[in-house]
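Asker:
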Amino acid sequence: MNVSIVIPTYNRKPILEKCLVALENQKLNSNISNYEVIVVDDGSTDGTSSWIKNNKANLPHVVLYQQKHGGPALGRNLGVIKSKYEIIIFIDSDLIVLDNFITSHVDKLLFYWNKNDKKCFTYGSVVNTSNFLNPQSEKYKILDKSFAYFATGNVAISKELILSVGLFDASFSLYGWEDLELGERLRKIGTKLIKCPNAVGFHWHPPFNCEQIKSLIAQEKERAKMALVFYKKHPNLRVRFMIQLTPLHNLLWHILCLGGLISVERILPLLRYLVNLRRNRLALEILRIPLNMIYINQLTKSR
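Read left to right, the sequence shown gives residues 326 to 628 (the working numbering).
1. Taking the alpha helix (DSSP H) that K291 falls in, what are its first and last residues?
2. When we look at the beta-carbon of K433 and count the other beta-carbons within 10 Å, is it buried (16 or more) or exposed?
3. By the 10 Å Cβ neighbour count, where 16 or more other Cβ atoms means buried, how is A382 classified, buried or exposed?
4. Please name the residue, chosen from F475, K464, A524, that lies closest to Q351 on a Cα-to-Cα basis.
5. Just checking my contact of A473 with H430 at CB under 8 Å: how many whole Å lie between their CB atoms?
6. Can you look up W529 in the DSSP assignment and give me helix, strand or coil?
7. Which of the three DSSP states is assigned to G449 in this structure?
8. Among residues of its own chain, excluding the 5 on either side of K393, which ones have a beta-carbon nearer than 6 Å to its beta-carbon?
9. Which same chain residues end up closer than 8 Å to I519 when comparing Cβ atoms and leaving out the 5 residues on each side of it in sequence?
10. Residue range of the alpha helix (DSSP H) that M564 falls in?
11. Can you tell me where the beta strand (DSSP E) holding F415 begins and where it ends?
12. At the level of alpha carbons, what is the spacing between I592 and Y360?
13. So, with DSSP's three-state summary, where would you put V487?
14. Please say whether G404 and P339 have beta carbons closer to each other than 8 Å?
15. With the cut-off set at 8 Å, would you say V387 and V364 are in Cβ contact?
16. Given W502, which residues of its chain have a CB within under 8 Å of its CB, disregarding the five upstream and five downstream residues?
17. Flag this pair as yes or no: are the beta carbons of V451 and E463 separated by less than 8 Å?
18. Would you list the one or two residues that DSSP bridges to S498?
19. Quick check on E463: does DSSP put it in helix, strand or coil?
20. If you draw a straight line from the C-alpha of S588 to the C-alpha of L616, how long is it?
21. So S329 is in the beta strand (DSSP E); what residue range does that whole segment cover?
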């Protein structure tokens, strides 16, 4: 069995370097004959493509493609189209994996293929970390648990299956939802989600600081706009709950924000205090409350 790992990337060169080195250091078993790592550079301006070309001797499995900046959906589509092998593994370019990552996905996937058919995919574990020097040292936390059905940070699937339902919808041109929308199509044909906890990826992101707030607010507004694109394609109750487009969610977040008393501006001194104490993760979790209220307000405004 052969594997194509598809990674879209945009201006993440430092962490991408770690991602690719980890993928070159995989321990394979008899179920795997070969693998390729398809990197789609989505118009990066940080020297990503040049670094890969200059280090080709150290990255024998890496195949590089370049495109104008168009978002991860287009990048993943290009990767799938260019892939040579029958199993596709999607990961993000800021994910550092263990050396049994590929074999864990393939072993679990083949077991279910032999048991039933190819109408399934494996979903690996994602551990969030801000430790750049040694991301693999991070321990799994309750906040790392995901309830998503299909999220492309760490999944393996048959190329035949993903082509049969269509690729990612490129109309998701802003942040969010393109992978969950594809998941909705997979769900409709009865595709089974198989948990694969041994396929561990450490999702690195820089420690939170208050300078990130402006971009996080912009991200929430983009996410709300794309949520409506998602709902327009799949106007069912499950998607409404996924994107929080219900009176219950509106009421809940207004209560959590005390009717607007808890806002980004009002909690900014607290966030700065926590960051100074190096409680960056706690500061970010507190910030997520008014950020989600911004998302809810934008969702209502854009509807």
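Beta carbons are placed, not taken as given, at the ideal position from N, Cα and C, and that holds for glycine.
Answerer: Quick look at the numbers:
1. Since the first residue of the chain shown is 326 and the last is 628, residue 291 is not available in this structure.
2. buried
3. exposed
4. A524
5. With 8 Å as the limit, A473 and H430 do not qualify as a contact, their Cβ atoms being about 17 Å apart.
6. strand
7. strand
8. G368
9. K433, L434, Y437, C445, F446, T447, Y448
10. A small correction: the amino acid at residue 564 is Val; Met does not occupy that position in the sequence shown. From DSSP, the alpha helix (DSSP H) with V564 extends over 562-568.
11. 412-416
12. 48 Å
13. Note on residue identity: the sequence assigns Ile, not Val, to residue 487. In the structure shown, I487 sits in a helix (DSSP, three-state: H, G or I).
14. no
15. yes
16. R548, M551, A552, V554, F555, I568
17. no
18. For S498, which the question treats as bridged, DSSP gives no partner whatsoever.
19. coil
20. 8 Å
21. 327-334
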